[in-house]
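Under this note's numbering, think of the first position of the sequence shown as 487, with each following residue one higher. Cβ coordinates follow ideal geometry from the N, Cα and C atoms, glycine included. Note that the structure is a prediction, hence the values are computed from the model and not measured.
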Amino acid sequence: MNVPQKPPVFATLGCRLNAYETEAMKELAAAAGLSEAVIVNTCAVTGEAVRKAKQEIRRLSREHPDAAIIVTGCAAQIEPETFAAMPEVARVVGNHEKMQAETWRGIAAPDLIGETERVQVDDIMSVRETAGHLIDGFGRHRAYVQVQNGCDHRCTFCIIPFGRGNSRSVPAGVVVEQINRLVDRGFNEVVLTGVDLTSWGADLPGEPRLGDLVRRILKLTSVARLRISSIDSIEADPALIEAIATEARLMPHLHLSLQAGDDLILKRMKRRHLRDDAIRFCREVKASRPEMVFGADIIAGFPTETETMFQRSLDLVADCGLTFLHVFPFSPRKGTPAARMPQVRGPEIKERAARLRTLGDRVLGEHLAGQVGRVHRVLTEGARVGRTEGFAEVAFGADQPEGAILEVRVTGQDGARLLA
Numbered sequence: 487m488n489v490p491q492k493p494p495v496f497a498t499l500g501c502r503l504n505a506y507e508t509e510a511m512k513e514l515a516a517a518a519g520l521s522e523a524v525i526v527n528t529c530a531v532t533g534e535a536v537r538k539a540k541q542e543i544r545r546l547s548r549e550h551p552d553a554a555i556i557v558t559g560c561a562a563q564i565e566p567e568t569f570a571a572m573p574e575v576a577r578v579v580g581n582h583e584k585m586q587a588e589t590w591r592g593i594a595a596p597d598l599i600g601e602t603e604r605v606q607v608d609d610i611m612s613v614r615e616t617a618g619h620l621i622d623g624f625g626r627h628r629a630y631v632q633v634q635n636g637c638d639h640r641c642t643f644c645i646i647p648f649g650r651g652n653s654r655s656v657p658a659g660v661v662v663e664q665i666n667r668l669v670d671r672g673f674n675e676v677v678l679t680g681v682d683l684t685s686w687g688a689d690l691p692g693e694p695r696l697g698d699l700v701r702r703i704l705k706l707t708s709v710a711r712l713r714i715s716s717i718d719s720i721e722a723d724p725a726l727i728e729a730i731a732t733e734a735r736l737m738p739h740l741h742l743s744l745q746a747g748d749d750l751i752l753k754r755m756k757r758r759h760l761r762d763d764a765i766r767f768c769r770e771v772k773a774s775r776p777e778m779v780f781g782a783d784i785i786a787g788f789p790t791e792t793e794t795m796f797q798r799s800l801d802l803v804a805d806c807g808l809t810f811l812h813v814f815p816f817s818p819r820k821g822t823p824a825a826r827m828p829q830v831r832g833p834e835i836k837e838r839a840a841r842l843r844t845l846g847d848r849v850l851g852e853h854l855a856g857q858v859g860r861v862h863r864v865l866t867e868g869a870r871v872g873r874t875e876g877f878a879e880v881a882f883g884a885d886q887p888e889g890a891i892l893e894v895r896v897t898g899q900d901g902a903r904l905l906a
């Protein structure tokens with residue numbers, strides 16, 4: 487009697503781009519006929535992320551003792567030897583290789599394709615193209631389109647360029663084609679995603695900017711809602727700023743890579759902006775589009791950060807009018823310049839991160855309280871949950887059709903979500 491083969495199990499750690507690529511890998515692995523395998527898509531942003539990846543591999547090996555463990559993602563790209571040395575791991579696959587159909591055909595059918603190396607990790611810096619993989623979104627409500635990969639910058643705390651390679655862009659025509667297909671499939675919202683979105687276009691003929699891509703999408707597609715996942719505000723080009731101010735279909739929510747509020751810390755991070763640059767950007771955008779909502783990444787306890795310097799990060803929340811905080815307690819990443827700088831004590835880092843999160847909870851609650859009684863256009867993400875144009879989560883009291891855009895009056899809030 488033939489025993490049915492079990493489909494692969496996927497585990498994703500880290501960023502939204504990793505989640506996007508996991509969906510693409512699912513399709514590639516299914517097309518190759520892969521079964522009896524566990525694929526772990528790792529993150530390398532901190533040393534803690536690598537530790538969690540190893541912990542996850544061991545857990546999945548216990549849960550699936552007969553499955554081959556395949557490790558990929560940024561941690562696998564940067565430290566292939568670390569994962570190849572783990573007895574639980576059958577294969578290590580690099581970030582470029584994981585997006586190639588032939589990789590998965592070789593793993594699924596080595597007898598037919600030919601045995602492949604146990605470690606398939608090439609030089610990511612030599613990669614010059616970003617494949618325009620199209621996935622059909624997460625669920626039926628929102629789709630993600632990868633338009634860029636890699637990063638040319640070298641922030642002192644960040645290892646990701648060595649996991650993702652140099653910046654490379656998906657041509658605008660390919661992006662527009664993908665979005666039109668997604669709209670035809672019924673998606674009402676598309677999110678542009680990448681590692682360093684504002685660098686999009688620098689490697690393409692004519693060196694277009696992200697604003698040019700946004701305007702082209704809005705002109706050549708009928709997508710109801712276009713959202714930008716995260717930007718470096720200092721690199722926002724004039725066309726992008728104009729689109730933010732004038733295009734109603736471009737959602738009034740920006741997540742900013744700010745990282746700190748003190749100029750000396752920003753210089754030691756090797757960031758490209760200063761405190762006043764961030765404040766000026768937020769105030770100018772808010773003046774041109776009052777409904778704009780900002781989120782931001784902020785690191786607590788970067789090396790050499792004093793209490794006075796940290797206070798400037800706390801003050802930046804009000805100065806920039808931030809609503810959604812993504813707080814990172816600093817964790818030294820081996821191989822980065824910041825790991826060799828004088829470190830802040832662990833308990834202080836933890837305490838500062840907690841203060842930032844407490845402040846984040848408060849400003850979010852204040853923002854939500856200000857929305858009660860207002861009517862919002864909400865994209866439903868499930869039977870009883872959705873998101874406003876400003877990305878606030880909405881909880882419904884009754885079931886709603888997934889993927890619809892509804893006009894909803896907010897009746898209350900619970901400190902984390904709006905209620906309707």
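Boundaries (first-last residue) of the beta strand (DSSP E) holding residue i
{"i": "P815", "result": "808-815"}
{"i": "Q745", "result": "739-745"}
{"i": "E879", "result": "879-881"}
{"i": "F496", "result": "495-498"}
{"i": "A629", "result": "628-632"}
{"i": "A446", "result": "The chain is shown from 487 up to 906; residue 446 falls before or after that span and cannot be answered."}
N- and C-terminal bounds of the alpha helix (DSSP H) containing residue i
{"i": "N666", "result": "658-670"}
{"i": "D682", "result": "Careful: D682 lies outside any alpha helix (DSSP H) and carries neither H nor E."}
{"i": "K492", "result": "Segment: none, K492 is in no alpha helix (DSSP H) and carries neither H nor E."}
{"i": "G692", "result": "Premise fails: G692 is in no alpha helix (DSSP H) and is neither H nor E."}
{"i": "V849", "result": "832-855"}
{"i": "F648", "result": "647-650"}
Supposed contact pair residue j and residue i - C-beta distance, whole angstroms, cut 8 Å
{"i": "E513", "j": "K492", "result": "About 18 Å; that fails the 8 Å criterion."}
{"i": "A881", "j": "R870", "result": "6 Å"}
{"i": "M585", "j": "A510", "result": "6 Å"}
{"i": "S908", "j": "G747", "result": "Outside the displayed range of the chain (487 to 906) lies residue 908, so it cannot be described from this structure."}
{"i": "P738", "j": "V779", "result": "6 Å"}
{"i": "I593", "j": "L520", "result": "6 Å"}
{"i": "I730", "j": "V771", "result": "6 Å"}
{"i": "L704", "j": "L736", "result": "7 Å"}
{"i": "R757", "j": "C641", "result": "6 Å"}
{"i": "V575", "j": "I555", "result": "5 Å"}
{"i": "A553", "j": "T528", "result": "Not quite, the Cβ-Cβ distance comes to about 17 Å (not below 8 Å), so this is no contact."}
{"i": "L865", "j": "R701", "result": "The pair is not a contact, with the Cβ atoms about 22 Å apart (cut-off 8 Å)."}
Bridge partners - residue i, DSSP secondary structure assignment
{"i": "G868", "result": "V871"}
{"i": "S655", "result": "Q634"}
{"i": "L712", "result": "V676, L736"}
{"i": "H862", "result": "V894"}
{"i": "I717", "result": "L742"}
{"i": "L904", "result": "V880, Q899"}
{"i": "V607", "result": "In DSSP, V607 forms no bridge with anything."}
Distance cut-off 7 Å: residue i Cβ against heavy atoms of the ligand COA
{"i": "G747", "result": "Here there are no bound small molecules, and the ligand COA is not part of this structure."}
Quiz item: Do the region 879-887 and the region 772-792 touch if we need at least three Cβ pairs shorter than 8 Å?
Solution: no
Exercise. Check whether the region 719-734 touches the region 691-708, taking contact to mean three or more Cβ pairs, one atom from each stretch, closer than 8 Å.
Key: yes
Quiz item: What are the complete beta strand (DSSP E) segments, minimum 3 residues, inside the region 721-798?
Solution: 739-745, 779-786
Quiz item: Do the region 500-515 and the region 674-683 meet, that is, are 3 or more Cβ pairs less than 8 Å apart?
Solution: yes
Practice problem: Assess, as a yes-or-no matter, whether the region 811-828 is touched by the region 520-535 under the definition of 3 or more beta carbon pairs within less than 8 Å. | Solution: yes
Quiz item: Can you give, in chain order, each stretch of the beta strand (DSSP E) that sits fully within the region 508-589 and has at least 3 residues?
Solution: 523-528, 554-559, 575-579
Quiz item: Does the region 890-898 come within contact of the region 854-861, defined as at least 3 CB pairs closer than 8 Å?
Solution: yes
Exercise. Kindly confirm or deny that the region 563-572 and the region 656-668 touch, where touching means at least three C-beta pairs closer than 8 Å.
Key: no
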